[in-house]
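**Student:** Take the sequence shown: its letters are residues 3 to 397, numbered as in this note's numbering.
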Amino acid sequence: MLPPADAIVNPKLRGCAYPFTGICGGMVAFKLVQVLFEESGVLAQEWLDMLEIAAIATVGDVMKLQGENRIIVKEGLRCLGHTSNLGLKKLIEKNNLVPGSITAYHIGFVIGPCLNASGRLQTAKIALSLLLCEDEEEADRMAMELKELNDQRKDMTQAGIDQAAAMVEERYGDDKVLVVFLPDCHESLAGIVAGRLRERYNKPSFVLTRAEGCAKGSGRSIEAYHMFHALVEVKDLLLKFGGHPMAAGFSLEEKDVDEFRRRLNENARERLTEEDFIPRVWIDVAMPFEYITEPFVRELELLEPYGQGNEKPQFAQKSMVIRSAHVMGRNRNVVRLSLVNERGVSMDGVVFTDGDLFMEEKGNSRLMDVIYYPGINEYNGNRNLQIVVKDWKFH
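#1: Would you mind stating whether residue 94 and residue 79 have Cβ atoms separated by less than 9 Å?
#2: Please check if any C-beta of chain C sits within less than 9 Å of the C-beta of residue 243.
#3: Can you give, in chain order, each stretch of the alpha helix (DSSP H) that sits fully within the stretch 108–145 and has at least 4 residues?
#4: Return the CA-CA distance between residue 23 and residue 125, expressed in angstroms with no decimal places.
#5: Among 270, 238 and 227, which one has its Cα closest to the Cα of residue 248?
#6: Smallest Cα separation from residue 32: which of 183, 383, 74 and 17?
#7: Can you tell me where the beta strand (DSSP E) holding residue 279 begins and where it ends?
#8: When you compare the stretch 290–301 with the stretch 218–233, are there three or more beta-carbon pairs, one atom per stretch, that lie closer than 8 Å?
#9: Helix, strand or coil, according to DSSP, for residue 180 in the structure here?
#10: Taking C-beta to C-beta, are residue 322 and residue 371 nearer than 9 Å?
#11: Determine the burial state of residue 307: buried for a count of at least 16 other Cβ atoms within 10 Å of its Cβ, exposed for fewer.
#12: To the nearest angstrom, how far is the alpha carbon of residue 201 from that of residue 37?
#13: Thinking just about the alpha-carbon of each residue, which of 392, 96, 65 and 164 is nearest to the one in residue 110?
#14: Which residues bound the alpha helix (DSSP H) around residue 210?
#15: Thinking C-alpha only, which one of 153, 169 and 193 is nearest residue 332?
#16: Is the beta carbon of residue 169 within less than 8 Å of some heavy atom of the ligand ADP?
#17: Thinking just about the alpha-carbon of each residue, which of 190, 225, 145 and 51 is nearest to the one in residue 219?
#18: According to DSSP, is residue 388 helix, strand or coil?
#19: Could you tell me how far apart the beta carbons of residue 312 and residue 72 are, in whole angstroms, since I believe they sit closer than 8 Å?
#20: Taking residue 260 as part of the alpha helix (DSSP H), name the residues at either end of that continuous run.
#21: Under 9 Å between the Cβ atoms of residue 266 and residue 253?
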């Protein structure tokens, strides 16, 4: 059903001749501005200056970095390195990013979350005002406010994850579908917490929070479980719902949460097997540390931007000796490793995970298998090779 309008700009409309349909709403707006500017005789540089915003929107919306998206993000990142946008300059500065070394990762995990934090916790007007700001002192203040809001969001998210995980361990560990009700969790964080539960337990996970007059929830799934179909089967309990195979959103009466959990698990009993809960990890090739050199890392960087639809290559090595492991970070969500392979070649490593859980899992283990990608750690003017560990197994 299309709304009444003089014009509808949507590349996914049936019959639309636009050659690449996989663009986000921000990109649609960018293309519209481009055409309007051209029709009005505005200099091309005016809309080209917005490339960095289109790139942020594309990465932030987790669009596939293929076709036109790949070109826009690659060029947008280049522009972002020497941006004239005062607000973005200040946001880059406040997050201690190196302007010339910003990648799609920094958009997805630093810049994007900062811009998004105001809408999650307060109002999106703060982020918009920052992007439009032309006063240096005001831009500095707003950039700091956004960073602090994002830090607050991180703390609130971690608290929600800890509470949800404790509830799973105490009450729902045997459930095939996890349904956790966190009354005091901010509703905008439910999807993030659900995603972390799914990562930790490799089970379909629903997280609900208390909203005005009802409970609102978000779900994140595994490949073997079609989340939207699962909600259709219990739609008599739901006030609203929507989604797709891997994620969903919904609302229901608070009194129906327990019944919602019971019926989802009853329906999943025969469909989900123990094998479905075994995480599958794909690697590109097994590669010893000896092959990791700075020129090799630079060659991999030519394949940037990495992201959805163009994932970073993943390598593996078995039986690494763990020389040291230390938890770091304000939220204890970074682990620094020093590893040595069977041929005596050492390599620093970093893991972005729940540090305390990692150390608990490690116990007294002295060996680990790792899936990783190589990189260069630049800090205080020093550069050294390191690996970012994506998955691991102790033994």
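Just so it is clear, CB atoms sit at the ideal spot from N, CA and C, and this is done for glycine as well. None of the values given here were measured: they were computed from a predicted structure.
**Tutor:** Walking through what the data contain:
#1: The criterion of a C-beta distance shorter than 9 Å is not satisfied by residue 94 and residue 79.
#2: Here chain C cannot be found, since the structure has a single protein chain.
#3: The stretch 108–145 contains these whole alpha helix (DSSP H) runs: 114–123 and 127–134.
#4: 30 Å
#5: 227
#6: 74
#7: Taken as a continuous stretch (DSSP letters only), residue 279 belongs to no beta strand (DSSP E), as it is neither H nor E.
#8: no
#9: strand
#10: yes
#11: buried
#12: 42 Å
#13: With distances taken between Cα atoms, residue 110 lies closest to 65.
#14: Premise fails: residue 210 lies in the beta strand (DSSP E), 207–213, not in any alpha helix (DSSP H).
#15: Its Cα nearest to that of residue 332, the residue 153 stands out among 153, 169 and 193.
#16: No copy of the ligand ADP occurs in the structure displayed, which carries no ligand at all.
#17: 190
#18: Strand, per DSSP.
#19: Between the beta-carbon of residue 312 and that of residue 72 there is about 7 Å, and that keeps the pair under the 8 Å contact cut.
#20: 259–270
#21: no
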